[in-house]
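Okay, so here's the structure we're looking at.
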Amino acid sequence: MKSPYKILFVCLGNICRSPAAEIVCRAAMKAAGLGERVCVDSCGTASYHVGSKPDSRMLAALKRAGYEYGEHRARQLRGTDGRECDLIIPQDSENERDVLTALSGAEEKVAPMKRWFPEGERANEVPDPYYGGTEDFDEVVRLLERSMPQLVAEVARRLSE
Ligand code: 4NP
Numbered sequence: 051m052k053s054p055y056k057i058l059f060v061c062l063g064n065i066c067r068s069p070a071a072e073i074v075c076r077a078a079m080k081a082a083g084l085g086e087r088v089c090v091d092s093c094g095t096a097s098y099h100v101g102s103k104p105d106s107r108m109l110a111a112l113k114r115a116g117y118e119y120g121e122h123r124a125r126q127l128r129g130t131d132g133r134e135c136d137l138i139i140p141q142d143s144e145n146e147r148d149v150l151t152a153l154s155g156a157e158e159k160v161a162p163m164k165r166w167f168p169e170g171e172r173a174n175e176v177p178d179p180y181y182g183g184t185e186d187f188d189e190v191v192r193l194l195e196r197s198m199p200q201l202v203a204e205v206a207r208r209l210s211e
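Residue numbers for the sequence shown follow the working numbering, so the first one is 51 and each next one is one higher.
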């Protein structure tokens, strides 16, 4: 059996957006029957929160949307991620710039989350909810959910090539 296709979501702290993207993506892949073929992970470009659980406000937003979160602890992006992952997805433009700097040589694997936003989406990146309120956390989850059908379709296409 082929090794799983590895997707890595990246944000700044790995406590809000990328852990949310990880859980929403894992559920979408499972629902599409790709749960066994795709491995989903997340990390942050910064080290401030290494070892921490996801932000409690993000866990609450995920719970409101019907997701259960497991045992994730924040980790920082590693130089080896460029080699080990198939698709690396920064959540905003600053994350993208930092990933490209840290993982030179892996540019072809890096694509911003906005690439899978639905047509007509007003946001241009996944906005950082850290200094925001409940509605900002809920909107991150909804934006990720709106994007997953397009991402699932692309991964399914890549797996069938
Ligand atoms: P994340 O959110 O990058 O979506 O995990 C943030 C987490 C922490 C901070 C900023 C954004 N911070 O400044 O500590």
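Beta carbons: idealized from backbone N, C-alpha and C, even for Gly.
Open item on the list: Using a Cβ-based criterion (distance less than 7 Å to any ligand heavy atom), does Ile73 qualify as near the ligand 4NP?
Closed with: On the sequence shown, position 23 is the one that residue 73 refers to. The answer is no for Ile73.
Task: Length-filtered (3 minimum) beta strand (DSSP E) runs lying within the stretch 112-184 - done: 137-140
Open item on the list: Quick check on Gly94: buried or exposed, where buried means 16 or more other Cβ atoms within 10 Å of its Cβ?
Closed with: For the purposes of this step, residue 94 is taken as the residue at position 44 of the sequence shown. Buried.
Open item on the list: Relative to the C-alpha of Val60, which candidate in Val191, Tyr181, Leu201, Ala70 has its C-alpha closest?
Closed with: On the sequence shown, residue 60 is found 10 positions in, with the first residue counted as 1. Nearest of Val191, Tyr181, Leu201, Ala70 to Val60, Cα basis: Ala70.
- [ ] Give the single residue among Pro140, Lys80, Ala206, Leu201 whose Cα lies nearest to the Cα of Cys66.
- [x] Along the sequence shown, one-based indexing puts residue 66 at 16. Looking at the Cα atoms, Pro140 is the closest of the given residues.
Task: Contact check, Lys56 vs Glu121, beta carbons under 8 Å - done: Counting from one through the sequence shown, the residue named residue 56 turns up at place 6. Counting from one through the sequence shown, the residue named residue 121 turns up at place 71. Cβ distance not < 8 Å, so Lys56 and Glu121 don't count as in contact.
Open item on the list: Quick check on DSSP: helix, strand or coil for Cys214?
Closed with: Any question about residue 214 goes unanswered here, given that the chain covers just 51 to 211.
TODO: Go ahead and pull the three-state DSSP assignment for Lys56.
DONE: Numbered from 1 along the sequence shown, position 6 holds the residue referred to as residue 56. Note: Lys56 maps to strand in three-state DSSP.
Open item on the list: Is it buried or exposed, Arg76, if we count other Cβ atoms within 10 angstroms and call 16 or more buried?
Closed with: Numbered from its first residue, the sequence shown carries residue 76 at position 26. When all chains shown are included, Arg76 counts as buried.
Task: Gly94 - partner residues in DSSP beta bridges - done: For the purposes of this step, residue 94 is identified with residue 44 of the sequence shown, where counting begins at 1. The partner list for Gly94 (beta bridge, DSSP) reads Cys61, Gln126.
Task: Rounded separation between Val149 and Phe187 - CA only - done: As a position in the sequence shown, residue 149 is number 99, starting the count at 1. As a position in the sequence shown, residue 187 is number 137, starting the count at 1. Cα to Cα, Val149 sits roughly 23 Å from Phe187.
Task: Cα-Cα separation, Leu127 to Asn64 - done: Position 77 of the sequence shown, counted from the start, is the residue given in the question as residue 127. Position 14 of the sequence shown, counted from the start, is the residue given in the question as residue 64. Rounded to the nearest whole angstrom, the C-alpha separation of Leu127 and Asn64 is 9 Å.
Open item on the list: Suppose contacts are defined by Cβ-Cβ distances below 8 Å. Is Leu58 in contact with Asp105 by that definition?
Closed with: Numbered from 1 along the sequence shown, position 8 holds the residue referred to as residue 58. Numbered from 1 along the sequence shown, position 55 holds the residue referred to as residue 105. Result no, Cβ atoms of Leu58 and Asp105 do not sit closer than 8 Å.
Open item on the list: Would Ala78 and Val176 be called neighbours here (beta carbons separated by less than 8 Å)?
Closed with: As a working note, residue 78 is residue 28 in the sequence shown. As a working note, residue 176 is residue 126 in the sequence shown. Cβ atoms of Ala78 and Val176: not closer than 8 Å.
TODO: Ignore the nearest five residues each way along the sequence and tell me which others in Pro54's own chain have a CB closer than 7 Å to its CB.
DONE: In the sequence shown, residue 54 corresponds to position 4, counting from 1. So the list reads Arg87, Val88, Cys89, once near-sequence residues are dropped.
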